[in-house]
Structure formats: C-alpha cells, structure tokens
C-alpha cells in the first residue's frame, strides 16, 4: 500500500490535503471497466487522537472493476467505534493508512460490467458495514452494497447498520421477550438507547430507562417518554435501597442493557429480576462493572456482552439486510426515530469535535456530502 | 411449634441443654407406629452468630409414622451454608427454632409400617439435602433417604451431597468440556476445588488452579498436583501482564470457577479464552467481582452463578441420587478424595470454632456420632 507522499493545497479546507494512491481496499485487477471520479476523504496514516491524525486527502480515481460499484456518498455518521479504530484501540480495524468511517449511504454513480443487482441512481448502504465511508466516492464490490428505499431520510439510511441494529439484536439474542415483559437500560439517551425504547414499545415490551443527572434531564425524560419509555429515572433518583418500589405496574425486567459501567451498571442489576440477564455493549463512564457474589449465586444473574462487529462476522450476519429493511420500514412508518445532527462534509472538524464530546453531549454527528 | 422452655443440666457437655418438643419437621399424625429414641441435637432458637445461638438440646422421642424412617446419625458435616442459615443470611433456611445441619449419613434404626425401600441397618444419606442433621436420631419420611454402600467411609457419604455435587454440576451445566479442554479455578484448596481438580482429571480435562499465598502454599501445590492438578499458581505469581504465558501445553480454558471474588476472580477471567464462562459459587474474600467493559464486549465473557440449593429445587434434582452414587463410586475406587477432620459430636464446640475459621484455615469439619 502506498504511503502518503504529496501535499496539496487549495482544497478549501484548513487541513493538509495529500494525494494518496491505493488507499481503498481495491487493488488493481485485470478487468477494469472505467475509473471512479477523484474522491476526497478523511484519512489517517497512523493511530492516535482523531483530531490530530486525520487529514483531508484528495484520492485519485480508482478502477471500477467488473464486479465493483462506485457510490457517490450522501451521508455517513461518526460512530464511537470509528473513533476507537482511529485511536488504534478497537480490536477490528483496517490497516493504516486508511479512510475513516464504517457505515453510510450513497447513490450508485457507476457499475462494473458484471454488476447485475444495482444500477446507476440506486440508493445503497454498506451492509454489513465496511471501512472507508468518510469519502466522497467509494468503490467496493457489488456484494458490499444493499439497495434501500429513497423514501427514508438519508441520515437514517446512513446510520441504520450500527446502532439500531445493535438495539435490535440485543432485544432478540439473549432473553425471549413477550408483550408485557420489561427491560431496563442505562445510557438511555444514546442512539442505541433511543432505539431500544422504541423497539420495546413496538413489541409491547415495557422499558425502564436510566439517564445521568444533568442540565436538561427533565426535558430528556419527556423526550424519551414520547418515544415510548414507560419509566425514566436519573441515576440520583435511584439512591434508595429498594429501586423496585419505584415500579408501578411494570414487571421486574428479565433483560438489562449497560453501555455505561460503574454505578450505572449496578443500578441495572438492581432492577433485574431473579435469573435476569445484563448485556454490556458500551462503557461510557470508563469504569468497570462490579457485581456482588450474591447477585450471581442467589439472584442467578447472567452477565453477557454484545459486539455487533463480532456478530457481523458470524453466519447470522446474512440476516443483517433483512434487519436493515425492517428497521428502515419502522423509520418510514414513523415508528422509529432518533436524534442526529447533520453536518456538511467540509465541516468535518466541527462534527468530529462534537463526536469527541468536546462540547458536552451532542446527538449523533452525521456527515452529509 | 413449641418454643424452648426447660433448661436441663448434666448432659456432660458445657452447653445449656433444654427439652424441646416438636422441633423436627414431623408434627403428630394419625398412624404412628412407634416412637424414636430421645435425641440430642444442636438447636438455634434465633438467628445470630452460631457460637452464640446454638445450644445442645435433648429432644424428646417423636412418632415414627407409617412412611417415616428413623435414622441414627453416623456423621454430618458443618458446611458454610449451615453457618449462614444459622446467621439468618441464607435465602433458604428452616423456620426457627431449628436443629442445625443439612447433610449427613446414618443407619436406619426403625421404619414406619408402610416403608418398603429401606430396612433397619441400611446406611442412608439425606439426598437431596434436608434440614436438621446435627442430631443423634433424625425422623424423616422415607423419600428423604437414599441408601448407600457401606464400603464408602462415612465421612464421604456424609459430605457427598453438597460440595462434590456442586463440583460435578458445575463441570456439566455451563460449558461442554471434552478431553484436552481446560478449566481454571480459584480457591482450589476448598473442598469443591479439590473435587473439581479430580473430576477434571477423571474426564481428561486439564486444570489450572489458583491458591492464596500463605505459609504452606508449596505443600498445598504438591497436594493438589497429586490429586491431578495440571498447574497450581499462588495469586502473587500471577501479578504479571500476560498470565497465559505461564501455560505450557494447556489450552486456554473455556470455563472458570470463582469462589473467592475480588482480585482472585479477575485472575480467573484473565485466564479464560475468548467466549469463556466464569461461574461464581462462593465469595470467600467478601469482595465483589469486577469486570472490564472490554471483557464483555471484545472478549465475550459470560459471567454466571451456581447455587446447588436452587438446582435441588428444580426437576433436575431427580438426578441427584444417581450423581451421589457416581461420586461415591469414585470415592470407592480411590478416584476422589478430599481432606476432612472428624470430630466427635460431643466436641461440637471445637468443630464449630474450626468451621468458623477461628483457628485459620482447616479442612472440612465432620461431626461423628
């Protein structure tokens, strides 16, 4: 793979821009049917803090081979896993140098001669996720792309494959939930959290939702309740011995989700019923999970973890396109929504800083091209 | 149920001895076929520290009804769960006043007129466990008792139903182990720990065993190795980054057992392979279990608990007699052994103090009658 060599100026952005050859996953093959347009992408040559190692790069045209599809990107989010990949702390990550980003939506710009399922103008998402979506044109094999409806707002198509899918899988894969059952979660205002609230509501499952105490938490409670949350508590409200006394007509939950750690994870355990399961999928507080011996022995709790990336590497991942379709149809029907902030691609720095939490908590940052 | 009323002196023991009516689980019924001999038992009227609330009591004869079997006890252990029941901190416990103890072996002294499966002179164990084995004569329904071979030393028959059975179930119920696989455990010198070492050896499963650093730990290592332990480490030896570098030709374990908590539980997790399961069945260090977020997400660990008492209340408990037979046949064949200290019933105080850890770590205390 070529290394970054040539510095260019004058891209209208403040970053150092460089030409880069061979940065996409496509190396030259025999039967190219044309070239992609030149592309602009956010590239890192080495692992480190994203605001230090990412650079806007002009990427030269690459061959669109017979099985390839060239997609003009429309929108791509900045996910925590993208940040962690750039930092080098995520177990599955591309080799450097690499273009950032892993999910997104675009429009088919050109197709290779052997491509059958997609045509120019189709709207497509990378499903399962792929690497390198933070660029204006992405060339990948036909099999990477999944056609989606144009009736769905691009920011939802751009974001369906990571967070909503995590929520959907976690609702399915650990405990059989029936209407009237309940779940409990912390970090409920996260994008996965918002999806869990709504997927629960759609299934007739009740949700108990924990959020941090912070300015605006009353408004956040109302927002989550509008999405279908049955109960929303700030963690401070739960500094009592018997949290379950707060549940009115809600069943003790059999399933809990933890994306915070520390005390917030202990609170989820407190709500769980005998024999319940807590699934950890994030660690926003950067604190470990603590469990009492009696929670395991007498309360028979199970503690598990979920990682979508690993799921995507199993045979079950063949379901992911049907899952994306289902989730996007919920969006189309107005049954599933979540907060996002759309930021033009050329204002990447702003979106990145928001995604890095430099201005406190912000909704999901979605780059638009 | 009658309360303790009358104080008697002169039983040859230092404790206050009292008559107690109706303390066994057998209340008067219509068709008694005789009376048991008077019995002596260790009784608690209220929950509290066992060395303060237990009293030697003379129990009057009780009816041996048509379905009852009167057993002259031969041996009964003092288990941690017995201590916790007396303290009132164990979730499943008899109503007070109660005779202590929950497992043991005896000889059939008399049978009710409808008893078919047992005869005077048979050696029997309470299987599943029952309450009130710390007394010289126990009258319980026929269905409580399970006939065992007289070729097995009484101390093994007396102790097979709690600790070895915990070890056996935990080896069966969580992860499918095949010859060549490995397990890891802490608290390896406990009675369950010794059984796990040997049940692993019998199945061709390798065992990695952690023990506390303390005087005599080198001798303990040798003892465990003689039982079949493949590796034994003191916790201090494992204060290195990559504990797995210590494993020679042993597979990364898929299953771990924790009866300690705190750092010793973290060490078990460190040894486990991707996707491994840690089962907690005790908390000797009285410290919680701590788990990193990444252990759940990226390493995909599952954390579970095991409680034999709960298992005994499921339909699976019908297997427990076959399990006891299997375990006792291992004992008979010399394949299963563990350390115990036999103490005459009249020296109950001594055994209790040892069981309470007042003289440091001691082998399992088994009362002999």
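Chains as they are written, first to last, in the working numbering: chain A, -3 to 365; chain B, -3 to 365.
Glycine residues also receive a C-beta, built at the ideal position from the N, C-alpha and C atoms.
Can you name, in chain order, every residue of its own chain whose Cβ lies under 8 Å from the Cβ of residue i, other than the five neighbours on each side?
i                     : result
residue 361 (chain B) : 73, 74, 336, 337, 339, 347, 348, 350 and 351
residue 47 (chain A)  : 345, 348, 349 and 352
residue 254 (chain A) : 181, 182, 183, 260, 261, 264, 274, 275, 276, 277, 278 and 285
residue 158 (chain A) : 73, 75, 77, 98, 99, 125 and 304
residue 23 (chain A)  : Unreliable positioning characterises residue 23 (chain A) in this predicted model, as indicated by a pLDDT of 39, which lies under 50. The coordinate reading is nonetheless provided below. Nothing meets the Cβ criterion.
Beta strand (DSSP E) containing residue i: first to last residue?
i                     : result
residue 202 (chain B) : 202 to 207
residue 119 (chain A) : 119 to 122
residue 74 (chain B)  : 64 to 74
residue 240 (chain A) : Note, residue 240 (chain A): premise wrong, no beta strand (DSSP E); not H, not E.
residue 301 (chain B) : 298 to 301
residue 248 (chain B) : It is not in any beta strand (DSSP E) - residue 248 (chain B) carries neither H nor E in the DSSP assignment.
residue 319 (chain B) : Premise fails: residue 319 (chain B) lies in the alpha helix (DSSP H), 316 to 328, not in any beta strand (DSSP E).
residue 260 (chain A) : It is not in any beta strand (DSSP E) - residue 260 (chain A) instead sits in the alpha helix (DSSP H) that spans 258 to 267.
residue 216 (chain A) : No beta strand (DSSP E) holds residue 216 (chain A); the alpha helix (DSSP H) holding it covers 213 to 223.
residue 38 (chain B)  : 35 to 40
residue 348 (chain A) : Here residue 348 (chain A) belongs to no beta strand (DSSP E); instead the alpha helix (DSSP H) covers 344 to 351.
residue 103 (chain B) : 101 to 107
residue 136 (chain B) : 133 to 137
I'd like to check one pair, residue j with residue i: are the Cβ atoms closer than 7 Å?
i                     : j                     : result
residue 154 (chain B) : residue 71 (chain B)  : yes
residue 98 (chain A)  : residue 78 (chain A)  : yes
residue 203 (chain B) : residue 188 (chain B) : no
residue 323 (chain A) : residue 156 (chain A) : yes
residue 30 (chain B)  : residue 67 (chain B)  : no
residue 231 (chain A) : residue 251 (chain A) : no
residue 124 (chain B) : residue 313 (chain B) : yes
residue 60 (chain A)  : residue 108 (chain A) : yes
residue 249 (chain A) : residue 267 (chain A) : yes
residue 198 (chain B) : residue 331 (chain B) : yes
residue 121 (chain B) : residue 105 (chain B) : no
residue 326 (chain B) : residue 365 (chain B) : no
residue 195 (chain B) : residue 225 (chain B) : no
residue 290 (chain B) : residue 297 (chain B) : no
Within its chain, find whatever has a CB closer than 6 Å to the CB of residue i; leave out the 5 residues flanking it on each side and keep chain order.
i                     : result
residue 147 (chain A) : 328
residue 285 (chain B) : 257 and 261
residue 160 (chain A) : 191 and 323
residue 110 (chain A) : 62 and 63
residue 173 (chain B) : 201
residue 32 (chain A)  : 57, 58, 60, 66, 133 and 135
residue 171 (chain B) : 250, 251 and 273
residue 90 (chain A)  : 127
In chain order, what residues of the same chain have a beta carbon less than 7 Å from the beta carbon of residue i, not counting five sequence neighbours either side?
i                     : result
residue 176 (chain B) : 200 and 247
residue 26 (chain A)  : Note that residue 26 (chain A) scores a pLDDT of 36, beneath 50, so its modelled location is shaky; the value from the coordinates is reported in the next line. No residues qualify anywhere along the chain.
residue 209 (chain A) : 230, 231 and 232
residue 307 (chain A) : 165 and 313
Mind checking which residues open and close the alpha helix (DSSP H) that includes residue i?
i                     : result
residue 231 (chain B) : Per DSSP, residue 231 (chain B) belongs to no alpha helix (DSSP H) and is neither H nor E.
residue 305 (chain A) : 304 to 308
residue 160 (chain A) : 159 to 168
residue 51 (chain A)  : Per DSSP, residue 51 (chain A) belongs to no alpha helix (DSSP H); it is in the beta strand (DSSP E), 50 to 55.
residue 337 (chain A) : Here residue 337 (chain A) belongs to no alpha helix (DSSP H); instead the beta strand (DSSP E) covers 336 to 340.
residue 280 (chain A) : Run containing residue 280 (chain A): none; DSSP gives neither H nor E here.
residue 192 (chain B) : 187 to 199
residue 88 (chain A)  : Element bounds for residue 88 (chain A): n/a, residue is neither H nor E.
residue 154 (chain B) : 150 to 155
residue 373 (chain B) : Limits of chain B in this structure are -3 at one end and 365 at the other, which puts residue 373 (chain B) out of reach.
Should the region 269 to 285 of chain A be regarded as contacting the region 232 to 252 of chain B, the criterion being three or more beta carbon pairs within less than 8 Å?
Between the region 269 to 285 of chain A and the region 232 to 252 of chain B there are fewer than three inter-stretch CB-CB distances shorter than 8 Å, so the stretches are not counted as touching.
Inter-stretch contact (C-beta, 8 Å, three-pair minimum) for the region 78 to 87 of chain B and the region 42 to 53 of chain B
These segments touch.
Validate contact between the region 314 to 323 of chain B and the region 293 to 312 of chain A using beta carbons, cut 8 Å, 3 pairs:
No: fewer than three Cβ pairs fall under 8 Å.
Cβ pair count under 8 Å reaching 3, the region 55 to 68 of chain A against the region 129 to 137 of chain A:
Contact between the region 55 to 68 of chain A and the region 129 to 137 of chain A is present, because at least three Cβ pairs lie under 8 Å.
Note down, in chain order, all residues in the region 249 to 276 of chain A with a beta-carbon under 7 Å from any beta-carbon belonging to chain B.
Cβ contacts with chain B come from 257 and 276.
When Cβ atoms are compared, which residues of the region 64 to 91 of chain A fall closer than 8 Å to chain B?
Residues of the region 64 to 91 of chain A with a C-beta less than 8 Å from any C-beta of chain B: 87, listed in chain order.
Which residues of the region 285 to 305 of chain A have a Cβ closer than 8 Å to any Cβ of chain B? Give them in chain order.
If the cut-off is 8 Å between Cβ atoms, the region 285 to 305 of chain A has 285, 286, 287, 288, 289, 290, 291, 292, 293, 294, 295, 296, 297, 298, 299, 300, 301, 302 and 303 near chain B.
Mind listing which residues of the region 191 to 205 of chain A have their C-beta closer than 8 Å to chain B's C-betas, in chain order?
Answer in chain order: no residues at all.
Under 8 Å, CB to CB, which of the residues in the region 34 to 58 of chain B have a partner in chain A?
If the cut-off is 8 Å between Cβ atoms, the region 34 to 58 of chain B has nothing near chain A.
For the region 164 to 193 of chain A, which residues have a CB atom closer than 9 Å to at least one CB atom of chain B, in sequence order?
Listed in sequence order: no entries.
Closer than 7 Å, Cβ to Cβ, to anything on chain A: give me those residues from the region 127 to 139 of chain B, in chain order.
Taking 7 Å as the Cβ-Cβ cut-off, the region 127 to 139 of chain B has no residue approaching chain A.
Identify each residue in the region 330 to 360 of chain A for which the Cβ-Cβ distance to at least one residue of chain B is less than 7 Å, and report them in chain order.
Result list empty, no residue passes.
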